[in-house]
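Structure first, then comments.
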Amino acid sequence: MAKQTKASENPASTRYGGWDFARDFSTQFFALLNTGRIFPALLVLLALLMLLFGVRMPTEELAPLSNHLLDALSGWTGVFFLLLVVTNCGWMLVFHERDKLHQQEIKRLTDIRSQLMHGGDMTLIKEHRSSDGEQQEGYLLPSQQHSSREGGSP
Amino acid sequence: MSLLVSMFVITTSMYCLFLLIREYNQLVFTRFRYRYFALRDELALLVMTGHIMESSWEYQHIVRTINFHISAVETMSITDVVSLLIRYHTSEDGKRKVRYLIRRVDDPAVVSILVRYMGVTQDLLRRNSRCQIVMIRAVKRLFGPDIRQGKHEFVQNPNEAINAIEQSKSDLLATVKNDSRYPMAVA
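Keeping their order, the protein sequence lines are chains A and B. Using numbering that gives the first Met the number 0, read the first sequence as starting at 0 and increasing by one per residue. Using numbering that gives the first Met the number 0, read the second sequence as starting at 0 and increasing by one per residue.
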């Protein structure tokens with residue numbers, strides 16, 4: 000009850016406006032770029048550009064613009080357009096490969112789990128040895144042990 | 000307008016290319032990391048099944064070495080990993096430890112893990128220093144194989160580390176040459 004009263008006193012704080020949308024959109028868009036998800040980011044960008052051209056431009060100016068774009072595609076910029084398409088297809092392949100790799104690792108760990116569950120009499124290991132800096136050669140490595148790279152050591 | 004569009008397309012395509020290369024390299028490193036994880040887990044299972052003692056020097060040394068390689072792959076850039084592994088595998092201390100390990104290890108299952116670990120490391124070095132290897136080979140062809148004698152080392156030669164690992168692998172395999180259990184351990 001108290002919360003409702005507080006919200007009704009200041010309606011601007013609960014309204015989701017255009018600026019909020021712009022902020023969230025840019026945050027998510029840069030998150031896509033920063034995490035390497037360029038393919039969806041590119042799609043979003045292209046859709047946005049097409050929407051902008053379709054909605055904001057006068058109809059009589061759309062035809063010259065299309066001609067401009069076609070000219071650009073037939074010239075040396077076309078090579079970069081092609082590169083854009085190729086890199087995005089490459090990204091899809093990398094994404095697929097990464098997914099396959101993770102699935103294989105999950106399967107391997109599942110097999111080990113089954114082996115441990117049904118393996119019978121086994122000696123337990125007393126000390127856990129991970130790659131988090133306990134090795135003698137650790138002095139050769141940089142100090143940032145917990146990098147942001149996905150799939151860190153177990 | 001067309002200039003702006005061209006600049007946008009060029010910048011975006013170059014950025015996409017950069018991201019793609021970065022993603023691909025991460026994928027390659029993840030693949031190597033998982034291969035090391037698998038070897039370490041296999042070794043741990045050998046301890047659990049009683050093939051090797053947890054307190055033994057060889058187990059502790061092998062786990063430490065594999066962990067060291069995992070850490071390197073996790074935390075460092077490609078250039079640094081290659082440089083570090085070349086130094087590690089060509090150092091006198093490293094060679095001495097491998098010789099000692101070869102004398103002590105006689106279980107074919109452990110030998111199999113060690114041989115595969117060495118294979119993964121060779122693959123890692125080869126994959127990430129192809130250009131370096133090709134350039135060094137080209138320079139040696141041009142100026143002769145003795146170009147480095149009596150001079151400072153400008154570029155580390157990954158081939159030296161790869162050959163050292165290959166030598167260790169051969170020495171290790173020689174210890175189980177007549178052991179009928181070895182092919183079983185590999186399978």
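Every residue, glycine too, gets a C-beta built ideally from N, C-alpha and C.
- Taking the C-beta atoms as reference points, E57/B is found no nearer than 8 Å to L26/B.
- Taking each of L18/B, M134/B, L141/B in turn and checking the Cα distance to N87/A, the smallest one comes out for L18/B.
- Boundaries of the alpha helix (DSSP H) harbouring H95/A: 76-117, taken from the DSSP string.
- Counting the other CB atoms within 10 Å of its CB gives N66/A a total below 16, which places it among the exposed residues.
- Counted as a single uninterrupted DSSP element, the stretch harbouring G49/B is not any alpha helix (DSSP H), since DSSP gives it neither H nor E.
- A residue is called buried once 16 or more other Cβ atoms fall within 10 Å of its Cβ, and I69/B is buried on that count.
- Proximity of L26/B to chain A, defined by a Cβ-Cβ separation below 8 Å, is satisfied.
- Per DSSP, reduced to three states, the secondary structure at S130/A is coil, with no helix or strand assignment.
- Bounds of the alpha helix (DSSP H) holding R102/B are 91-103.
- Distance between D19/A and E104/A, taken at the CA atoms: about 40 Å.
- Annotation: H50/B to D106/B spans about 7 Å, alpha carbon to alpha carbon.
- The beta carbon of Q121/B sits closer than 6 Å to those of I161, I164, all from its chain and outside the five residues before and after it, given in chain order.
- Taking 8 Å as the threshold, the shortest C-beta distance from K106/A to chain B does not fall below it.
- Taking the Cα of I111/A as reference, the smallest distance to any Cα among T74/B, R125/B, Y87/B, T48/B is reached at T48/B.
- Sequence-ordered contacts of the stretch 57-70 of chain B with chain A read V62, R63, N66, F67, I69, S70 [C-beta pairs closer than 7 Å].
- The Cβ-Cβ distance between V114/B and L45/B does not fall below 8 Å.
- At a C-beta separation below 7 Å, N87/A has these neighbours in chain B: C15.
- Sequence-distant partners of P39/A (beyond 5 residues in either direction) whose C-beta falls short of 7 Å from its own C-beta, in its chain, are L31.
- S111/B sits in a helix when the DSSP states are folded into three classes.
- Excluding the 5 residues flanking it on each side, P63/A has no same chain C-beta neighbour closer than 6 Å.
- Annotation: V93/A to Y23/B spans about 6 Å, alpha carbon to alpha carbon.
- A Cβ-Cβ separation of about 17 Å leaves Y35/B out of contact with V97/B under the 8 Å criterion.
- Listed in chain order, the positions of the stretch 118-134 of chain A with a beta carbon within less than 8 Å of a beta carbon of chain B are G118, M121, T122, L123, I124, K125, E126, R128, S129, S130, D131, G132, E133, Q134.
- With a threshold of 8 Å between beta carbons, I112/B makes no contact with chain A.
- From the beta-carbon of G118/B, no residue of chain A is found nearer than 7 Å; the closest lies around 18 Å away.
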